[in-house]
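Student: The structure that follows is given in the form of structure tokens.
Chains as they are written, first to last, in my numbering: chain W, 34 to 144; chain G, 985 to 1096.
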């Protein structure tokens, strides 16, 4: 059974800092890994999707890497802004159609 | 692409009552998923439809839960005889085949 863990559970940083969020998974036989953002009381917004054959994906200030063999992914956020404050969720897709999510990292960027 | 719509946004009910939620997916997205999210946790998979066929069900989906997608378009999730532990956010997602899933804003269920 796939298990996904995200560290840290919460993070508070001053505006402008670069930061790294971590995700680890137990079953390396994944099809893809996805990073989502969730604002309070809202649904999930997809940020980046990395296929199992890829090593990283970039979108603007966000960069996600994947090391499938070690069961790890990182989300790098450059030059953080208060608007980046949200919960960031990592999810993996194995065989089958469901996503398995980590518990999320609650990020607060202080002005 | 008008996004995934869920109704209601918030439902408050007494323990023991039945509740039904609705999800309207993005048009022509043939796959539809239900997830449950409790406070401070990530979403957990409940069930999955391809068109009108329910193809996967989690062990979390007890016999008090039933989901339908009668015409392969909208879906309903019903919870019978609600319990305190059913309090959660219920999220609907959809996808076109094996493409990334798009999520709605969820229905928050509060059991008094």
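Backbone N, C-alpha and C fix where the C-beta goes; we use that ideal spot for every residue, glycine too.
On a Cα-Cα basis, can you pick out the residue from 1065/G, 989/G, 1073/G and 1071/G that is closest to residue 1016/G?
Tutor: The sequence position of residue 1016/G within the second chain is 32, counting from 1. Checked all of 1065/G, 989/G, 1073/G and 1071/G; the closest Cα to residue 1016/G is 989/G.
Student: 7 Å is my cut-off, CB to CB: does residue 104/W come that close to chain G?
Tutor: For the purposes of this step, residue 104/W is taken as the residue at position 71 of the first chain. Answer no: the Cβ-Cβ gap between residue 104/W and chain G never drops below 7 Å.
Student: Report all residues from its chain with a CB closer than 8 Å to the CB of residue 1054/G; omit the five preceding and five following residues, and keep chain order.
Tutor: Locating residue 1054/G in the second chain gives position 70, counting from the first residue. These residues qualify, in order along the chain: 1036.
Student: Beta strand (DSSP E) containing residue 95/W: first to last residue?
Tutor: In the first chain, the residue the question calls residue 95/W occupies position 62. Here the beta strand (DSSP E) through residue 95/W covers 95 to 100.
Student: In terms of DSSP beta bridges, what is residue 1052/G paired with?
Tutor: Within the second chain, residue 1052/G is the residue found at index 68, counting from 1. Paired residue(s): 1060/G.
Student: From which residue to which residue does the beta strand (DSSP E) around residue 64/W run?
Tutor: By 1-based counting over the first chain, the position of residue 64/W is 31. No beta strand (DSSP E) holds residue 64/W; DSSP gives it neither H nor E.
Student: In chain order, what residues of the same chain have a beta carbon less than 8 Å from the beta carbon of residue 1013/G, not counting five sequence neighbours either side?
Tutor: Your numbering for residue 1013/G matches position 29 in the second chain. 1078, 1079, 1080 and 1086.
Student: Does the structure place the segment 56 to 66 of chain W close enough to the segment 117 to 129 of chain W that three or more beta carbon pairs sit under 8 Å?
Tutor: Cβ pair count under 8 Å is three or more, so yes.
Student: Tell me, please, whether the segment 1017 to 1035 of chain G touches the segment 1054 to 1063 of chain G by the rule of three or more beta-carbon pairs shorter than 8 Å.
Tutor: yes
Student: Rounding to the nearest angstrom, what Cα-Cα distance links residue 952/G and residue 76/W in this structure?
Tutor: Because chain G spans 985 through 1096 in this model, residue 952/G falls outside it and cannot be assessed.
Student: Applying a beta-carbon distance threshold of less than 7 Å, which residues of chain W neighbour residue 1087/G?
Tutor: Residue 1087/G sits at position 103 when you count from the first residue of the second chain. Chain W residues near residue 1087/G: 76 and 77.
Student: Can you pull the chain W residues whose beta carbon is under 9 Å from the beta carbon of residue 1067/G, in chain order?
Tutor: Your numbering for residue 1067/G matches position 83 in the second chain. In chain order: nothing, as chain W lies at least about 23 Å away.
Student: Let me know the secondary structure DSSP gives residue 47/W once reduced to three states.
Tutor: By one-based count along the first chain, residue 47/W stands at place 14. Note: residue 47/W maps to strand in three-state DSSP.
Student: Taking only beta-carbon positions, decide if residue 134/W is within less than 7 Å of chain G.
Tutor: Within the first chain, residue 134/W is the residue found at index 101, counting from 1. So, interface residue.
Student: Closest to residue 44/W by CA distance: which of 101/W, 131/W and 121/W is it?
Tutor: Counted from its first residue, the first chain places residue 44/W at position 11. Taking only the C-alpha atoms, the option nearest residue 44/W is 121/W.
Student: Where do the N-terminal and C-terminal ends of the beta strand (DSSP E) with residue 996/G fall, by residue?
Tutor: The residue labelled residue 996/G in the question sits at position 12 within the second chain. Where residue 996/G is concerned, the enclosing beta strand (DSSP E) stretches over 994 to 997.
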